[in-house]
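The listed protein sequences derive, respectively, from chains A and B.
Counting from 1, position 114 in the first sequence corresponds to residue 114 in full-length UniProt numbering; the numbering is continuous, with no gaps.
Counting from 1, position 335 in the second sequence corresponds to residue 335 in full-length UniProt numbering; the numbering is continuous, with no gaps.
Glycine included, C-beta positions come from ideal geometry on N, C-alpha and C.
Predicted model only: the values in this text are computed from it and were never measured.
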Amino acid sequence: MTVDSVRPPLPRRPSRGRARRDLRGLVYVVLAIALVVTLLPFAWMALGAVKTTGELLRDPAGWLPQHPTWGNFAAWFGALNIGKFFTNSTVVAVFTVLGNLVFCSMVGYALAKLEFAGKRVVFGLVLVTLMVPGVVTFVPLFVVVSKLGLVSTYPALILPFVATPLGVFLMRQFIAGIPDSLLEAARIDGAGDLRIFARIVLPLCKPALATLAILTFLGSWNNFLWPLVVAQSSDMYTLPVALSLYSTGQNSTNYGVLLAGAVLIIVPILLLFVALQRYFVQGIAVTGIK
Amino acid sequence: MIRKKWPVLVAIVAGSTLLLSGCGQQKSAISDTPAAVLSSGKATGTVTVWGQGTEGEQLAVVAKDFEKENPGVTVNVTPVPWGSALSKYQTAVAGGTTPDIGQLGTDWMPSFATALTPTPSSIDTSGIFPEAVQTTDLGGTHYGVPWYVETRVIWYRKDLVAKAGFATFPTTFDGFVKLSEALKKGGAKYAINLPTSGFNAYINALPLLFSQGANVTSADDKSWTINSDAMVSAVTDVSSLFSKGLADRTPSVAAGATQAAFVDGSVPMFISGPWEIGGLKAAGGAGFEDKIGAAVIPGTKPTSLISGSDLVVFKTSKNSDAAWKFIDYLNRPAVQTAWFTATGDLPAQTSAWNDPAVADNPIAHAFGEQLKSVKQLPSASTWPQVSAAADATWEQIVKGSTSVSSGLAALQAKATSLGMGN
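Have a look at this one:
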C-alpha cells in the first residue's frame, strides 16, 4: 500500500494489473503456508494435551484424539496445585517487568541524553555485561543471594533480573532517536530532568517499553534454571519448574501432563502478545531488536 | 568494539580460574569430618530432604510414618525435578544452602565427596547389595546409604514369545538368537531394539556384552580391556543380530518410539530398566499388563549394569543426628518393601526381596534374579570420554563401516591414551 503511494503513478495496463493480482495471490499462499507451519506444533500440543498416554505413544501418532480426556488438565488443577505455581510465576514476572520498565528507561535516558563524565565507559560496561553469558555468573550470583539470606524468597527470584543490559541498550537506542530540540524546548519552558523524562520521553517510548515488557515477561515466564536452584521449597516453584517436576522423570516422561502443562503456561503469553502486538511490531521496526 | 571484548575474555578466564581453584581446594578437604555417632534416643528437630521426581512426591507420605514413630521430629520434603537436579545440588553446595538429606544418583557420588558427611558406623549396610554399597565408598570412607537400585533386563512380549514356541525365555545367547529368528518369522519387523547411535548407545549394549563374559576394564580396574578376546567375540555375536536383520541398524530415536514398537508388536523386545513398566502399561491400555514380560539378560554369565540412588547427609546439616535416623528408617527392609509397592523402586535391601509383595511379582522377580549378578560402570574419571568414543565405534561396527577387531583395537588405543584418570 505504502509502496503505491510513494511510486509515481504508472500508466495502467490490464496485463500489469493481473500480474500484480497474481503476485498478491502468491504472497497469500506463502503466508498461509508459513502460518500453518508456525501453528502446527501448537495445534499438536493442544490436541496432545487431551490425549491419553497410550494414544500419545502410539505409532504412527494420529492428529485427532480418539478418546479425548480432560485427565491431564485435571491433574494440574487437582493434585498438582497449579494455582500456587501460577501465582509465583505471575508475581515474579510482573515485578521483573515493572523493574525493567522503570530502571532500564531511566538508565537509557541518562546514557542517551545527559552529558556526564564517563558516560561512554558506563555504556561500554553495559555492552560488556551484555556479552557475558548468564551461566558464568550463575554460581557467584547464587552465593551472593544465599549470603544475603534471600534463598527461597520472592526477592531472590526477582532482584537478579530487575534491570538487564539488553533492556538498557534497547531503551538507550530508542531514546537517542528522540530529537534533542524537543527536550530543549521543554527545558526552556522550565522542566527539570525528571519532568522531561516522565512527561516527554516516557510517552514517546511506548513502542520500546512494550517491546521491553514482552521480552522481559517472556524471559521471566520461561526462566527455569534460576528458579529451580533458588527456590528450595516447592511453595516457591514457578510454572516451568513445576512442569519439569511433575511431567519428567529420570528415565520416563508423562507426555500428557507435560503437554497440558505447556498449554496452561503458554496461554498467558499468547494473551499478552495479542494485547501488545501493535507496539511490539513497532518496537522491533524502530529499534531493530528482537 | 573489538577492544571492548577483551575485558570479557579476561573476566571469563579469571572467573573460571577462580572456580577451578575453588574445586581444587575442596578436593584436599575430603574426609576431614569424622563419622557422627548417633544418639540413642528418638529423632528430634527438623529435617529437610530433597527427593527427585516421583521419589520426592512419595517420600512425604513415608515421612509421616517416621514422624509418628518419633513425635519430636518434623520432616520437610522438597520434591526436585530430575531435569536439572544435578545443577541444583551443585549450586546449593557452592552457596552453602544444602538440605540435610539429598538423593544423589550413584554416578554423581564422586563429585560430591567433599560436601558429605561419613556414614555413622551404627547404620547397618550389610544387608544391601554390595555393588550398591560400593557406590558410597569414596576413597575408603562411606558417605551415604543406597536407597533403591536399578538394573537393566530384557523386556519382552510374553504372548508373542509364547506364540513363537518358547515356553520360557532362553538363558543362552544361542537360544536368544533362535528366539529372535522365530519372532521375526512370526511377523515381527525386528526382534529386538538396540540403540545404534548417539549418547549411551554403547552402554545400552553393555549388558549383552557383559553376559558373554566380556568386560571393559581388567579385574583390578587398572587398565582397559576393550579389545580383549572375550570382548571381540561378544561384540561379534551381538553385532550379528544386526547383520542377520534381527535388530534395526537405524532404529527410531524419537521419544516413545521403542515403547510404541513394543506395544504394537513390531519390535517385541528391548533392554531397559524398571522405570519402563508404568509407561508400557499406559501405552498398551487395558489388559496389556499380562503381555509384558521381563527376563534376565541371556548369556554364559548373565550380568547387567547396576545404578540407582543413594541417600546422603550434607556437611552443612544442623541436625545430622535426626537426618541419619531418617535414612536408617528408610533402610529398614519393611519400609523398603512398602516403598516398592508405592513407587516401583527396587529395594536396595536384599531381605526386602523375600517379602511376598516383591517376590510374587513376576517382573520384580526377573529384576531380583538379574541383581544377583551386576556390575557398575567403570569408576575411571575418563569413562565419559571413553564411553563417547565407544558410542561412535559401536555405530561404525553395527553399520558395517569397520570390522569388529579393527574398530575395537582403535577404541582400545584411544582409551589407553586417555588412561584411567584419577
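Open item on the list: Counting only beta-carbon separations shorter than 8 Å, does B:Ser84 have a partner in chain A?
Closed with: The residue given as residue 84 of chain B occupies position 84 in the second sequence. It does; some Cβ of chain A falls within 8 Å.
Open item on the list: Is B:Ser304 close to chain A? Criterion is C-beta to C-beta, closer than 8 Å.
Closed with: Stepping through the second sequence from its first residue, residue 304 of chain B is reached at position 304. No, no contact with chain A.
Open item on the list: At a CB distance below 9 Å, what residues from the segment 68 to 100 of chain B approach chain A? Give them in sequence order.
Closed with: Asn76, Val77, Thr78, Pro79, Val80, Pro81, Trp82, Gly83, Ser84, Ala85, Ser87, Lys88, Gln90, Thr91, Ala92, Ala94, Gly95, Gly96, Thr97 and Pro99
Task: B:Asn361 versus B:Ala230, B:Ser381 and B:Ile277, residue with shortest Cα-Cα distance - done: Taking the second sequence and counting its residues from 1, the one referred to as residue 361 of chain B is at position 361. Comparing Cα-Cα distances from B:Asn361 to each of B:Ala230, B:Ser381 and B:Ile277, the minimum goes to B:Ile277.
- [ ] Name, going along the chain, the residues of the segment 230 to 264 of chain B whose beta-carbon falls closer than 9 Å to a beta-carbon of chain A.
- [x] Ser252, Ala254, Ala255, Gly256, Ala257, Gln259, Ala260, Ala261, Val263 and Asp264
Open item on the list: At the level of alpha carbons, what is the spacing between residue 312 of chain A and A:Trp44?
Closed with: Chain A is shown only over 1 to 290; residue 312 of chain A falls outside these bounds and no answer can be derived.
TODO: Could you name the residues of the same chain whose beta carbon sits closer than 6 Å to that of A:Pro228, not counting the 5 residues immediately before and after it, in chain order?
DONE: For this step, residue 228 of chain A is matched to residue 228 along the first sequence. Sequence inspection shows Leu at residue 228 of chain A; the Pro mentioned does not correspond to that position. Closer than 6 Å at Cβ, skipping near neighbours: Val241.
- [ ] From the DSSP output, in three-state form, read off A:Leu276 for me.
- [x] Counted from its first residue, the first sequence places residue 276 of chain A at position 276. Helix, per DSSP.
Open item on the list: Cβ closer than 7 Å: which chain B residues qualify as neighbours of A:Gln232?
Closed with: For the purposes of this step, residue 232 of chain A is taken as residue 232 along the first sequence, with counting starting at 1. Within chain B, the residues near A:Gln232 are Thr78 and Thr97.
TODO: Please go through the same chain and pick out, in chain order, the residues whose beta-carbon is closer than 6 Å to the beta-carbon of A:Ile265, but skip the five residues on each side of it.
DONE: Locating residue 265 of chain A in the first sequence gives position 265, where the first residue counts as 1. Counting only Cβ-Cβ distances below 6 Å, and skipping sequence neighbours, we find Leu239.
Task: Distance, B:Asp345 Cα to B:Gly299 Cα - done: Translated into the one-based positions of the second sequence, residue 299 of chain B becomes position 299. Translated into the one-based positions of the second sequence, residue 345 of chain B becomes position 345. So the alpha carbons of these two residues sit roughly 26 Å apart.
Open item on the list: Measuring straight from C-alpha to C-alpha, what distance separates A:Val126 and A:Leu111?
Closed with: Taking the first sequence and counting its residues from 1, one reaches residue 126 of chain A at position 126. Taking the first sequence and counting its residues from 1, one reaches residue 111 of chain A at position 111. Each residue's Cα considered, the two are about 10 Å apart.
Open item on the list: Looking at B:Ile192: is its Cβ nearer than 8 Å to the Cβ of B:Val267?
Closed with: Residue mapping note: residue 192 of chain B aligns to position 192 of the second sequence, counting from 1. Residue mapping note: residue 267 of chain B aligns to position 267 of the second sequence, counting from 1. Yes. Within cutoff.
TODO: Leaving out five residues on either side along the sequence, give the residues of the same chain with a beta carbon under 8 Å from the beta carbon of B:Lys184.
DONE: Within the second sequence, residue 184 of chain B is the residue found at index 184, counting from 1. Contacts found: Tyr190, Ala191, Gly245 and Leu246.
Open item on the list: For a test of your reading of the model: does the CB of B:Gly421 fall under 7 Å from any non-hydrogen atom of the ligand ATP? Yes or no.
Closed with: Judged by which ligands are present, the structure shown has none, so any question about the ligand ATP falls away.
Open item on the list: If the criterion is Cβ atoms closer than 8 Å, does the pair residue 450 of chain B and B:Pro146 meet it?
Closed with: What is shown of chain B runs 1 to 422, which leaves residue 450 of chain B out entirely.
- [ ] Check whether the segment 161 to 180 of chain B touches the segment 288 to 302 of chain B, taking contact to mean three or more Cβ pairs, one atom from each stretch, closer than 8 Å.
- [x] yes
Task: Residues bridged to B:Phe314 (per DSSP) - done: On the second sequence, position 314 is the one that residue 314 of chain B refers to. BP columns for B:Phe314 point to B:Leu116.
TODO: Could you spell out where the beta strand (DSSP E) holding B:Phe270 opens and where it closes?
DONE: For the purposes of this step, residue 270 of chain B is taken as residue 270 along the second sequence, with counting starting at 1. Element bounds for B:Phe270: Met269 to Ser272.
Open item on the list: Looking at B:Ile306: is its Cβ nearer than 8 Å to the Cβ of B:Trp155?
Closed with: Reading the second sequence from its first residue, position 306 is the one you call residue 306 of chain B. Reading the second sequence from its first residue, position 155 is the one you call residue 155 of chain B. For B:Ile306 and B:Trp155, no; Cβs fall outside 8 Å.
Task: Residue environment, A:Pro155, which counts as buried when at least 16 other CB atoms sit within 10 Å - done: Taking the first residue of the first sequence as position 1, residue 155 of chain A is located at position 155. That one is exposed.
TODO: Mind listing the chain B neighbours of A:Ser244? Cutoff is C-beta to C-beta under 9 Å, in chain order.
DONE: Start at 1 with the first residue of the first sequence, and residue 244 of chain A comes out as number 244. Residues of chain B passing the Cβ test: Pro81, Trp82, Gly83 and Ser84.
Task: Neighbourhood of B:Leu241 by C-beta distance below 6 Å, restricted to the same chain and skipping five residues each side - done: As a working mapping, residue 241 of chain B is identified with position 241 in the second sequence. The answer, listed in chain order, is Ala247.
- [ ] Name, going along the chain, the residues of the segment 45 to 59 of chain A whose beta-carbon falls closer than 8 Å to a beta-carbon of chain B.
- [x] Thr52, Thr53, Gly54, Leu56, Leu57, Arg58 and Asp59
Task: For B:Gly96 and B:Glu181, the rounded distance between their alpha carbons - done: Looking up residue 181 of chain B in the second sequence gives position 181. Looking up residue 96 of chain B in the second sequence gives position 96. If you take the alpha carbons of B:Glu181 and B:Gly96, they lie about 57 Å apart.
Task: Range covered by the beta strand (DSSP E) that runs through B:Glu150 - done: By one-based count along the second sequence, residue 150 of chain B stands at place 150. Its beta strand (DSSP E) spans residues Val145 to Thr151.
- [ ] List the residues of chain B whose Cβ lies closer than 8 Å to the Cβ of A:Gly249, in chain order.
- [x] Translated into positions along the first sequence, residue 249 of chain A becomes position 249. By Cβ distance, chain B contributes Gly53, Thr54, Trp82 and Trp275.
Task: Nonlocal neighbours in the same chain, by C-beta distance under 8 Å from B:Ala409, ignoring five residues either side - done: Your numbering for residue 409 of chain B matches position 409 in the second sequence. Hits under 8 Å: Asn227.
Open item on the list: Closest to A:Thr153 by C-alpha separation, out of A:Asn100, A:Leu130, A:Val92 and A:Ala186, would be which residue?
Closed with: Within the first sequence, residue 153 of chain A is the residue found at index 153, counting from 1. Ranking the options by Cα distance to A:Thr153, first place goes to A:Val92.
Open item on the list: Would A:Tyr246 and A:Asn88 be called neighbours here (beta carbons separated by less than 8 Å)?
Closed with: The count along the first sequence starts at 1 and reaches residue 246 of chain A at position 246. The count along the first sequence starts at 1 and reaches residue 88 of chain A at position 88. It is not a contact, given that the beta carbons lie outside the stated cut-off.
- [ ] With DSSP collapsed to three states, give me the class of B:Trp50.
- [x] Locating residue 50 of chain B in the second sequence gives position 50, counting from the first residue. B:Trp50: strand per DSSP, three-state reduction.
Open item on the list: So B:Val335 and B:Ala323 are supposed to be a Cβ contact under 8 Å. How far apart are they, rounded?
Closed with: Position 335 of the second sequence, counted from the first residue, corresponds to residue 335 of chain B. Position 323 of the second sequence, counted from the first residue, corresponds to residue 323 of chain B. No, B:Val335 and B:Ala323 are not in contact; Cβ-Cβ is about 16 Å, not under 8 Å.
Task: Reference B:Lys163; option with closest CA among B:Ala188, B:Thr151 and B:Thr337 - done: What you label residue 163 of chain B is simply residue 163 of the second sequence in a count that begins at 1. The candidate whose alpha carbon is nearest that of B:Lys163 is B:Ala188.
Open item on the list: Distance check for B:Ser87 and B:Cys23, CA to CA, integer angstroms please.
Closed with: For the purposes of this step, residue 23 of chain B is identified with residue 23 of the second sequence, where counting begins at 1. For the purposes of this step, residue 87 of chain B is identified with residue 87 of the second sequence, where counting begins at 1. The predicted position of B:Cys23 is uncertain, since its pLDDT is 42 and thus under 50; no value can be drawn from it.
Open item on the list: Since B:Gly165 and B:Gln103 should fall inside the 8 Å C-beta cutoff, what is the C-beta to C-beta distance between them, to a whole number of angstroms?
Closed with: The residue given as residue 165 of chain B occupies position 165 in the second sequence. The residue given as residue 103 of chain B occupies position 103 in the second sequence. Contact doesn't hold; Cβ gap of about 45 Å is too wide.
Open item on the list: Using the three-state DSSP reduction, which class does B:Ser28 fall into: helix, strand or coil?
Closed with: Within the second sequence, residue 28 of chain B is the residue found at index 28, counting from 1. A caution first: B:Ser28 carries a pLDDT of 39, below 50, which makes its placement in the model unreliable, though a value can still be read off. In the structure shown, B:Ser28 sits in a helix (DSSP, three-state: H, G or I).
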